[in-house]
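Numbering (our numbering), first residue to last: 395 to 497. Glycine included, every Cβ here is placed at the ideal spot set by N, Cα and C.
Quick look at the structure:
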């Protein structure tokens, strides 16, 4: 093999090695990017799960508040009903008379 053929073969080998290194770097970068994206997805899923959990807690609290409001409305209606009852003579007789305080 002639000297120029050796030089040419060396250049080809160097070019192949450079391409191999470049491809290796590209593949490594892609693998790192996939890993990073998987990490981001995991963080997002975790964050969404946390937010969904908080919404569930808030919904439970709102349901409890709603139930409490219904109960309060019923109590107020009963109280209003009791206050609206006409007083019979016995009830009026048992009431303390109003007195005026004077000097």
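If you draw a straight line from the Cα of residue 413 to the Cα of residue 444, it comes to about 46 angstroms. When DSSP assignments are scanned along the stretch 398-422, no uninterrupted stretch of alpha helix (DSSP H) that is 4 or more residues long falls wholly within it. Assigned with DSSP and collapsed to three states, residue 432 falls in helix. DSSP places residue 443 in the helix class (H, G or I) of the three-state scheme.
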